[in-house]
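Just so we're on the same page, my numbering is the position in the sequence shown counted from 1, plus 26.
Data block below; observations after.
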Amino acid sequence: MSLADYRSKRDFEKTGEPEGGSEPEKTAGNIYVVQKHDASHLHYDLRLERNGVLKSWAVPKEPPVHKGVKRLAVETEDHPVEYADFEGVIPEGEYGAGTVEIWDKGTYETEKWVENQIIIRINGTR
């Protein structure tokens, strides 16, 4: 997957966000992270590692902590795997300006991944 869309929206010298290397970072391939993003509107970013990138969705409400609860998730651009460790403040005037903090992190197991339906088992700390 390409990170061109992600890179085109950011000035990495100003934001402190990871740019991501030209080659995907080598990992076990199942990173899961939720980042609380206090931007123009508070939301949560769900990121799942797949094919060398973090597939990403914006979730308007706090993620559920109980099984079976559904939340709206709006797909956003892929992020580099290194973004799973990112916490910090994106400066005013930059894309995504606001505070980013890790809300939960761990791994996931895929039960089903097809267009418009993803079912996973999360192994996080919450």
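Beta carbons: idealized from backbone N, C-alpha and C, even for Gly.
In this text, all values refer to a predicted model and were calculated from it rather than measured experimentally.
Exercise for the section: Look at the Cβ atom of Val60, then the Cβ atom of Ile128, and state whether they are nearer than 9 Å. Expected result: yes
Exercise for the section: Tell me whether the beta-carbon of Glu43 lies closer than 9 Å to the beta-carbon of Ile148. Expected result: no
Problem - Residue nearest to Lys81 in terms of C-alpha spacing, selected from Glu108, Glu118, Gly114 - result: Glu108
Practice task
To the nearest angstrom, report how far apart Gly124 and Ala65 are at their CA atoms.
Solution key: 4 Å
Handout entry: Residue nearest to His92 in terms of C-alpha spacing, selected from Asp31, Leu29, Ala30, Thr151
Key = Thr151
Problem - Rounded separation between Arg76 and Gly55 - CA only - result: 6 Å
Handout entry: Simplified DSSP state of Val107, which is helix, strand or coil
Key = helix
Practice task
Let me know the secondary structure DSSP gives Ala84 once reduced to three states.
Solution key: strand
Practice task
Please state whether DSSP places Tyr155 in a helix, a strand or coil.
Solution key: A query on residue 155 cannot be resolved here, the shown segment of the chain reaching from 27 to 152 and no further.
Exercise for the section: Starting from the N-terminal side, write out each stretch of the beta strand (DSSP E) that is 3 residues or longer and does not extend beyond the stretch 90-149. Expected result: 100-106, 114-116, 124-140, 143-149
Problem - Extent of the continuous beta strand (DSSP E) run through Glu75 - result: 68-76
Handout entry: Between the CA atoms of Asp104 and Val79 - distance to the nearest angstrom
Key = 6 Å
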